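Residue numbers (this note's numbering): 80 to 822. Encoded as structure tokens, the structure appears first; notes follow it.
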Amino acid sequence: MKRFAVYLKTRPIGLVSLIVLFLLYLMMTFAEFFAPYSPNTSFPDKSYHPPNVRFYNGTLQAQEWRVTNTVTWKYARIRDHYTPIQFFGEGESYRLWGIIPAQRHLVTTDPGSYPVFIMGTDSLGRDLFSRIVYGSRISLTIGFVATFISLALAVFFGGLSGYYGGITDWSIMRFSEFLMLIPSLYLILFLRSLMASTMDTGQSYMMITIILSLVSWPGSARTIRGMVHAIKREEFVLNAKLEMIPSPLIILNHIIPQIASLLIVSIALSVPGFIMTETVLSYLGLGITDPAVSWGSLIRRDISTLANLRAFPWLLTPVWFLLGVTLAFNFIGDALRDYFDPYHTFFSRKKKKGTRDWGLGTGVRSCRRHCCPENDGTSDLSPVISKHDNTTHTYPNNPNRKPQSPVPSPQCGKAAPLLIVKDLHITFSVLRGKKLTLIPAVRGLSFALTKGETLGIVGESGSGKSVSTMAIPGLLPKNAAVNGSILYNGKEMLGLSTAELREYRGKKIGMIFQEPGRSFDPLQNMGSVFFETFRNSDPNIGKEEALEKAAALLAETGLERGRERLGNFPHQFSGGQLQRIGIALALAQGCELLIADEPTTALDVTIQKQIVDLLKNLRRTRGISIIFISHDIELVADISDRIMVMYGGLAMETGAAQEIINNPMHPYTKALLASSPRFGSHYTQERLPAIPGKVSAPGEDSSQGCKGNQSCPFAPRCTLAKPECSQELPALKMTAGRELRCI
Ligand code: ATP
Ligand code: MG
80 MKRFAVYLKT
90 RPIGLVSLIV
100 LFLLYLMMTF
110 AEFFAPYSPN
120 TSFPDKSYHP
130 PNVRFYNGTL
140 QAQEWRVTNT
150 VTWKYARIRD
160 HYTPIQFFGE
170 GESYRLWGII
180 PAQRHLVTTD
190 PGSYPVFIMG
200 TDSLGRDLFS
210 RIVYGSRISL
220 TIGFVATFIS
230 LALAVFFGGL
240 SGYYGGITDW
250 SIMRFSEFLM
260 LIPSLYLILF
270 LRSLMASTMD
280 TGQSYMMITI
290 ILSLVSWPGS
300 ARTIRGMVHA
310 IKREEFVLNA
320 KLEMIPSPLI
330 ILNHIIPQIA
340 SLLIVSIALS
350 VPGFIMTETV
360 LSYLGLGITD
370 PAVSWGSLIR
380 RDISTLANLR
390 AFPWLLTPVW
400 FLLGVTLAFN
410 FIGDALRDYF
420 DPYHTFFSRK
430 KKKGTRDWGL
440 GTGVRSCRRH
450 CCPENDGTSD
460 LSPVISKHDN
470 TTHTYPNNPN
480 RKPQSPVPSP
490 QCGKAAPLLI
500 VKDLHITFSV
510 LRGKKLTLIP
520 AVRGLSFALT
530 KGETLGIVGE
540 SGSGKSVSTM
550 AIPGLLPKNA
560 AVNGSILYNG
570 KEMLGLSTAE
580 LREYRGKKIG
590 MIFQEPGRSF
600 DPLQNMGSVF
610 FETFRNSDPN
620 IGKEEALEKA
630 AALLAETGLE
640 RGRERLGNFP
650 HQFSGGQLQR
660 IGIALALAQG
670 CELLIADEPT
680 TALDVTIQKQ
690 IVDLLKNLRR
700 TRGISIIFIS
710 HDIELVADIS
720 DRIMVMYGGL
730 AMETGAAQEI
740 INNPMHPYTK
750 ALLASSPRFG
760 SHYTQERLPA
770 IPGKVSAPGE
780 DSSQGCKGNQ
790 SCPFAPRCTL
800 AKPECSQELP
810 ALKMTAGREL
820 RCI
């Protein structure tokens, strides 16, 4: 609850909704105190009296009105006739909860003086506000009570059905389908008609609640059954069975908690549904009857004609209450759903041109501005394309600043860059315990890629390789704030809308992923995967034509009998074959840039070699550019023209692949190379040196502090570290033809 309360601070609408509901439930509980009069107190000569609270002489006062026409109930205000409104004053006597005698009301006027009508009166001169307050008792409790009864039934029947299966499942499901087949309104009408018309308020209230619960459980029961069915095969349930724990206890203690989040969200979302159904029933005259009041019965009784409403618009007030409660429950339900779903933790806030700024992006910028005054965001910027076109390079944050260490383009003067990433910052905001934490995953990354070039990115797990490449086609989750610049063919990619990105995703930028088995839908055969992809760029393409094109692509990527195999499902292929299909799919819309995020990690070495050869070949024949990510520096050197070594969200060393392999300069690159096994060496003769320590999580080491104390993130593990390394972050400098971040 505490965690949720903290989380709600990031969801203002959810927070406001919670406060509104709290106030309404408070009002409901102490209705006798909040309402100035009892719901049936009638002022015979004040039918359809307008609201009369006014601000006069610096206080709230009830103004007097006089009837001018008792047929049409026209009123006129009387000037200067005011009665002071008393807060916590003594008025009509009542018994709180039917027990405690009292006389104090939140607002009232002296007994015998002019009454206060906060929201006007109805046709019998009864105070509408008092009736709404009392009506909330039925309306607000009916929702909760019905939800709990129906959810209990759903958990009971869904749990039994899913857990035991067989005949139990069959009987319960057929019965629930039978109930679902009957339109629920007819069922409600039928059940209601069986009830005696002479029922008193309490009885009819009970009956309506029970009827509502009875008709609504089957839908949820089916969902719960499906989930239980899946969970019961998990090993922890098998283990519990092995320990001879009785089945009801397994369901209650091990299975239901797994679906608790779904249950909580469904409670929040179904309460307003029940309130509305009660309203509809009362509106139809089948719900709460006189003298009891609910919001539904108020709406039914008061809003009889449109003319009535036009003459006395305050009669619509119960509708606003109903709407408020329904929306509040829905907003809280939304907040709860997002809270339990880690992928949708944050709402997007305002976006600024040039940034793809989700969640707390503004916070990230202000952190850099306020906490690191000496760092204007350019100190560690690598002006990657500064010289090749002989124009003055400018920095995104500071156009007047000249680069200190111009780094020539990798293929100076040879080819125009296809992709230029400048000063890329990616910060995730996550809720850790009670605190909203910012995780700086990428902290000023710059690189360029020319047409037809292959850039290899290496680094240990968590160095930010995947997130920085996922930012290019805009695939990061909502809790990532992205700043800097990503120019693709000269066009700024950050800040593009999803519709604009559609022109790039798949069509220009393709991706292949680490685990081929998990990047395909298990229920879709390959033919339909390709058909769907081709139709994205050519909506008129026929199925046959698409399959022919797919077969040609599969042949190009080296999959044998491709045309026949298009009817197969993902599980019918091996990992290597799936990766070939993944590459073919990435090429299907003619992509120019292929991002391969550890495409060979899940494959054995022979297949690895084949995939790498295939990528090299495609680069030659199609002229595509490739970003190849891997942990394996030797493998990366095999395929890449240039290598960028990343650590702690920063580029440590970038240069031509062979130079880096033969003559590594950065201590981290050296350590990486030293720790990779070489052909011919064996652990019995020579122990491979490991890099001491482990990669610290972003945001946890002092190197990433935002109070100006940035230091080299590798310093704590570096065997050559000096005291200066922990004092400031070395800038990326051109050294011997490569970019190097080391003192
Ligand atoms: P690996 O080699 O294991 O794939 P990587 O270099 O690709 O590692 P990334 O996936 O880029 O690493 O992650 C960089 C950092 O960003 C990690 O510390 C990770 O915890 C953090 N991170 C990634 N995605 C999220 C997210 N959605 N929310 C919060 N933090 C994230
Ligand atoms: Mg990764």
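C-beta atoms are modelled at their ideal positions from N, C-alpha and C, and glycine is treated no differently. Values in this document were obtained by computation on a predicted structure and should not be read as measured data.
Near residue i, which residues of its chain fall below 8 angstroms by C-beta distance, leaving aside the five closest residues on each side in sequence?
{"i": "T247", "result": "L239 and S240"}
{"i": "P768", "result": "A750, A753 and S754"}
{"i": "V691", "result": "T679, L714, D717 and I718"}
{"i": "T166", "result": "First, the residue type needs correcting, since residue 166 is Phe and not Thr in the sequence shown. Only L185 and V186 meet the Cβ criterion."}
{"i": "L693", "result": "T636, G637, R659 and I662"}
{"i": "P130", "result": "F196, I197, M198, G199 and W393"}
Identify whether residue i lies in helix, strand or coil by the three-state DSSP scheme.
{"i": "K570", "result": "strand"}
{"i": "L198", "result": "Here residue 198 turns out to be Met, not Leu, going by the sequence shown. Correct three-state label for M198: coil."}
{"i": "G305", "result": "helix"}
{"i": "Q789", "result": "coil"}
{"i": "G589", "result": "strand"}
{"i": "V212", "result": "helix"}
{"i": "N148", "result": "strand"}
{"i": "Y127", "result": "coil"}
{"i": "K544", "result": "helix"}
{"i": "T89", "result": "coil"}
{"i": "I536", "result": "strand"}
{"i": "L439", "result": "Any reading at L439 must be qualified, since the residue scores a pLDDT of 35, below 50, and its modelled position is unreliable; the value itself is stated next. Coil at L439, not helix or strand."}
{"i": "L497", "result": "strand"}
{"i": "R581", "result": "coil"}
{"i": "T700", "result": "helix"}
{"i": "T733", "result": "strand"}
{"i": "L219", "result": "helix"}
Apart from the five residues just before and just after residue i, which ones in its own chain have a Cβ nearer than 7 angstroms to its Cβ?
{"i": "R216", "result": "M107 and A110"}
{"i": "I620", "result": "F613 and R614"}
{"i": "K544", "result": "I536, G538, I708 and M725"}
{"i": "G403", "result": "V99"}
Among the options, which has the Cα closest to the Cα of residue i?
{"i": "Q668", "options": "A414, V608, T162 and S805", "result": "V608"}
{"i": "T62", "options": "A155, F223 and V132", "result": "For the chain, the structure presents residues 80 to 822; residue 62 sits outside this window and is missing."}
{"i": "A114", "options": "S805, Q142, S209 and P130", "result": "S209"}
{"i": "A776", "options": "S760, E539 and D720", "result": "E539"}
{"i": "S616", "options": "E624, K622 and E582", "result": "E582"}
{"i": "I703", "options": "A300, P163 and L498", "result": "L498"}
{"i": "I343", "options": "T226, S255 and I324", "result": "T226"}
{"i": "Y213", "options": "L348, L103 and I411", "result": "L103"}
{"i": "I705", "options": "A800, E671, A735 and L139", "result": "E671"}
{"i": "P595", "options": "V546, Q687 and S547", "result": "Q687"}
{"i": "N604", "options": "G585, L626 and P325", "result": "L626"}
{"i": "M725", "options": "R156, I551, V537 and R379", "result": "V537"}
{"i": "V150", "options": "T138, E171 and K125", "result": "K125"}
{"i": "R301", "options": "N568, S255, S345 and N148", "result": "S255"}
{"i": "T823", "options": "V500, A495 and P519", "result": "The structure shown does not extend to residue 823, since the chain is modelled only from 80 to 822, so the question has no answer here."}
{"i": "R597", "options": "S653, F526 and G168", "result": "S653"}
{"i": "K88", "options": "N387, L515 and E322", "result": "L515"}
{"i": "G816", "options": "E738, Q764 and L808", "result": "E738"}
{"i": "R698", "options": "I588, P618, I591 and T533", "result": "T533"}
Please return the same chain residues whose Cβ sits closer than 6 angstroms to the Cβ of residue i, not counting the five positions on each side in sequence.
{"i": "S805", "result": "S790 and A794"}
{"i": "L729", "result": "R522"}
{"i": "F391", "result": "Y127"}
{"i": "G535", "result": "F707, V715, S719 and I722"}
{"i": "V67", "result": "Because the chain here runs from 80 to 822, residue 67 falls outside it and cannot be looked at."}
{"i": "S340", "result": "F419"}
{"i": "L258", "result": "P297"}
{"i": "L291", "result": "A225, F353 and T356"}
{"i": "R379", "result": "S361 and Y362"}
Using a beta-carbon distance below 8 angstroms, is residue i in contact with chain C?
{"i": "I770", "result": "The structure shown contains no chain C; it holds only a single protein chain."}
Is the segment 639–646 touching the segment 544–557 in the sense that three or more CB pairs, one from each, lie closer than 8 angstroms? No, because fewer than three Cβ pairs between the segment 544–557 and the segment 639–646 fall closer than 8 angstroms, the two stretches do not touch.
Can you confirm whether the segment 221–233 touches the segment 322–334 when touching is taken to mean that 3 or more C-beta pairs between the two stretches lie within less than 8 angstroms? Short answer: they don't touch.
Are the segment 625–633 and the segment 712–729 touching by the rule of at least three beta carbon pairs closer than 8 angstroms? The answer is no - the segment 712–729 does not touch the segment 625–633, with fewer than three Cβ pairs under 8 angstroms.
Are the segment 363–372 and the segment 343–355 touching by the rule of at least three beta carbon pairs closer than 8 angstroms? Contact between the segment 363–372 and the segment 343–355 is absent: fewer than 3 CB-CB pairs across the two stretches fall below 8 angstroms.
Examine the Cβ distances between the segment 191–211 and the segment 391–408 and report whether three or more of them are shorter than 8 angstroms. Yes, since at least three Cβ pairs between the segment 191–211 and the segment 391–408 fall closer than 8 angstroms, the two stretches touch.
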